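Protein sequence lines, in the order shown, are assigned to chains A and B. Reading the first sequence from the start, the letters are residues 2 to 143 in my numbering. Reading the second sequence from the start, the letters are residues 346 to 666 in my numbering. Using N, Cα and C, we set each Cβ at its ideal position, and we do this for glycine too. Computed from a predicted structure; not experimentally measured.
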Amino acid sequence: MNSLHDADVNVGDQIAPLVLPLTRSLIVATALASRDYQDVHHDPTLAQQKGSQDIFMNILTTNGLIGRYITDWAGPESIIKNVSIRLGVPNYAGDTMTITGTVTSKQDGQIVVGVVGANSMGNHVTGTVTLMLGATGQGDTK
Amino acid sequence: MTTAPTDTTASAAFEASLQQFVGLEIGVVAVAPDEVNVPMVRHWCEAMGDTNPVYLDASAAAASVHGGLVAPPTMLQAWVMRPFGQGRDESESNPYSQLTNAVESNGFTSVVATNCEQTYDRYLRPGDHLTMRTVIDSVSGEKTTGLGTGHFITTRQDYFDAAGERVGSMLFRILKFRPAPKPAPAAPKPLRPRPSLTFDHLFWFEGLKQGKLLIQRCAECGVLRHPAAPMCRECRSLAWDTIEAGGRGRIHSFVVVHYPQIPSIEYPNQVVLVDLDEGVRVVANTVDTNAEQLVIGAAVQLEVRMCDDDLSLPFFKVVQS
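The structure is reproduced here in structure tokens:
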């Protein structure tokens with residue numbers, strides 16, 4: 002895994018999209034890995050009784066996937082400082098979410114990436130991730 | 346002399362009362378059941394598909410900027426999640442319960458999470474033992490959103506390590522709202538106007554219900570008549586019976602009614618006056634007939650259709666003669 006450095010990144014850079022099939026297994030496995038036992042994240046019958054069309058992704062997972070998306074791109078030397086998200090339509094089992102990202106600012110050693118995770122119904126999440134990139138020539142795990 | 350409307354005063358008092366909750370700590374300090382640990386990180390990384398080596402590959406992590414294994418920063422909240430089967434603290438003494446009760450009692454009963462902002466002071470390492478304190482950070486005034494009118498409630502969760510140093514913080518915002526009224530379901534299509542039934546023409550509508558277009562016939566002289574009437578215009582007999590129309594005829598005249606529109610009628614409303622082969626005229630609507638086909642003299646075929654449970658009517662369709 003290569004790490005990006007400040008010189009590699011410019012405002013306006015687009016990050017390759019991550020296309021995630023939202024399988025029932027993914028929704029349940031991620032909910033449990035984040036210790037979120039709310040029934041709407043694993044029990045379709047109860048989810049429907051509460052007005053949802055199916056089980057849907059929990060917020061911790063949305064955060065986790067955004068974190069993964071950013072470090073998949075920036076590499077293991079990057080350090081995430083802040084993840085701020087605004088929630089939109091639910092990520093229902095059976096849908097597909099595509100995460101995209103654009104570098105929106107680069108200042109004082111900090112990069113801000115605007116991220117969007119969209120599914121068939123619209124934007125599930127929009128937000129920003131603030132991170133520091135690896136220092137040049139240091140600790141690359143190439 | 347004017348006085349402020351009571352509801353405005355009450356509303357202002359309600360708004361002010363909500364601000365009393367800002368800054369209050371919610372419940373007890375949450376203590377993570379487990380230290381930050383590699384097995385839980387492994388479960389997380391497997392489920393998320395996260396292959397960053399600094400989380401699970403000890404040697405790669407040691408060589409990295411972190412100098413050793415760390416936990417995914419977005420995992421912050423997971424370390425202090427409530428155990429399975431344990432509900433929220435909804436006791437009356439909990440300021441958050443008091444706040445949500447106050448908001449709900451004013452009609453803002455629905456809830457949706459809108460924002461989550463996590464700040465990481467440092468990455469967590471295996472062995473870190475977290476505690477978490479939650480404070481009501483802000484309560485917005487009444488806002489109108491796409492979902493409805495409501496109040497945004499923001500809580501702040503601060504996470505501390507065993508030494509009491511803050512390691513991260515999370516702002517979590519929900520909207521407590523009064524759902525916007527749903528658009529009224531489409532009203533069922535109104536029924537066609539009811540005929541005012543009398544003894545003289547009840548047979549005609551009953552015949553249609555059985556799929557038959559009946560024509561009244563004088564029982565004395567055999568002359569057919571339509572619309573139904575009690576007496577034969579030729580011989581003045583009151584005795585009558587019926588025959589069933591064969592269903593073929595020709596357009597004697599027609600009109601297309603555009604205005605005023607009646608909800609129960611399909612438009613364009615093509616009304617035909619049909620000379621039945623039997624020699625009487627019937628007024629009816631067309632079916633499966635376009636404007637070009639609507640020509641005086643065109644041959645038509647009867648179709649009796651059920652308009653609703655209580656009404657069947659004759660319709661005519663233009664056919665090849």
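Any beta-carbon of chain A closer than 8 angstroms to the one on G472 (chain B)?
G472 (chain B) does not count as touching chain A.
CB contact below 8 angstroms: R25 (chain A) versus chain B:
no
Just checking my contact of L21 (chain A) with T129 (chain A) at CB under 8 angstroms: how many whole Å lie between their CB atoms?
No, L21 (chain A) and T129 (chain A) are not in contact; Cβ-Cβ is about 20 angstroms, not under 8 angstroms.
Go through its chain and collect everything with a Cβ distance to S514 (chain B)'s Cβ below 8 angstroms, but skip five positions before and after it.
Q463, T464, D466, R501, Q502, D503 and Y504
Report the residue ranges of all alpha helix (DSSP H) runs contained in full by the segment 352-418 of chain B; include only those spanning at least 4 residues, in chain order.
383-393 and 403-408
Cβ neighbours of M477 (chain B) in the same chain (closer than 6 angstroms, five flanking residues each side left out)
So the list reads A375, V425, Q502 and Y504, once near-sequence residues are dropped.
Local conformation of A574 (chain B) per DSSP, three classes
coil
For W549 (chain B), which residues in chain A fall below 9 angstroms Cβ to Cβ?
Result: empty, since nearest Cβ-Cβ is about 51 angstroms, beyond 9 angstroms.
Taking a Cβ distance cut-off of 7 angstroms, strictly less, list which residues of the segment 403-414 of chain B are near chain A, in chain order.
A405, A408, S409 and V410
Here's the rule: buried if 16 or more other CB atoms are within 10 angstroms of the residue's CB, otherwise exposed. What is D395 (chain B)?
With at least 16 other beta carbons inside 10 angstroms of its own, D395 (chain B) counts as buried.
Nearest neighbour of P668 (chain B), chosen from B:I560, B:L369 and B:R581 [CA to CA]:
This structure cannot settle anything about residue 668 (chain B), because the visible part of chain B is limited to 346 through 666.
Span of the alpha helix (DSSP H) holding N446 (chain B)?
P440 to S450
Considering only C-alpha positions, which residue in the set B:L363, B:N451, B:T354 and B:A423 is nearest to P378 (chain B)?
Ranked by how close their Cα comes to the Cα of P378 (chain B), the residues B:L363, B:N451, B:T354 and B:A423 have B:A423 in first place.
Any C-beta of chain B sitting closer than 8 angstroms to the C-beta of L5 (chain A)?
no
Coil, strand or helix - A48 (chain A) by DSSP:
helix
In or out: R433 (chain B) buried (at least 16 other Cβ within 10 Å) or exposed?
exposed
Contact the segment 652-662 of chain B vs the segment 546-560 of chain B: 3+ CB pairs below 8 angstroms
yes
Beta-carbon contacts of A150 (chain A) that lie in its chain and below 8 angstroms, excluding the five residues immediately before and after
Residue 150 (chain A) lies beyond the residue range present for chain A, which begins at 2 and ends at 143; the question has no answer from this structure.
Just how far apart, CA to CA, sit E449 (chain B) and F522 (chain B)?
8 angstroms
DSSP on L542 (chain B), reduced to helix/strand/coil?
If DSSP states are grouped into helix, strand and coil, L542 (chain B) belongs with coil.
Could you tell me which uninterrupted beta strand (DSSP E) segments, each at least 3 residues in length, are contained entirely in the segment 483-536 of chain B, listed from first to last along the chain?
493-505 and 511-524, all fully within the segment 483-536 of chain B.
Sorted by chain position, which residues of the same chain lie with C-beta nearer than 8 angstroms to T347 (chain B)'s C-beta, five sequence neighbours on each side aside?
Summary for T347 (chain B): the model assigns pLDDT 44, below 50, so the residue's position carries little reliability; its value from the coordinates is reported in the next sentence. Contacts found: none.
Quick check on the burial criterion: 16 or more other C-beta atoms within 10 angstroms. Buried or exposed for F661 (chain B)?
Its Cβ being crowded by 16 or more others within 10 Å, F661 (chain B) is buried.
May I ask you to list, following chain order, the residues of the segment 619-642 of chain B that have a beta carbon less than 7 angstroms from some beta carbon of chain A?
none
S106 (chain A) CB to nearest chain B CB: under 8 angstroms?
no
Between which residues of its own chain and G594 (chain B) is the CB-CB distance below 8 angstroms, once the five residues before and five after are set aside?
V619, D620, L621, D622, V627, A644, V645, L647 and F661
Quick check: is the beta carbon of S35 (chain A) nearer than 8 angstroms to any beta carbon in chain B?
With 8 angstroms as the cut-off, S35 (chain A) counts as an interface residue toward chain B.
Cβ-based burial, C566 (chain B) [other Cβ within 10 Å; buried from 16]:
C566 (chain B) sits exposed, since fewer than 16 C-beta atoms from the chains shown fall within 10 Å of its C-beta.
Rounded separation between P524 (chain B) and S53 (chain A) - CA only
16 angstroms
What's the call for D737 (chain B), buried or exposed, on a 16-neighbour Cβ count within 10 Å?
No answer is possible for residue 737 (chain B): the residues shown for chain B start at 346 and end at 666.
First through last residue of the beta strand (DSSP E) which encompasses D653 (chain B):
For D653 (chain B), the enclosing beta strand (DSSP E) starts and ends at A644 to D653.
Keeping to the same chain, check which residues put their C-beta closer than 8 angstroms to that of G556 (chain B); ignore five residues upstream and five downstream.
V649 and S657
Partner residues on chain B for G135 (chain A), Cβ-Cβ distance less than 9 angstroms
S409 and V410
So, do the segment 66-81 of chain A and the segment 17-34 of chain A have three or more beta carbon pairs nearer to each other than 8 angstroms?
Output reads yes: the segment 17-34 of chain A touches the segment 66-81 of chain A.
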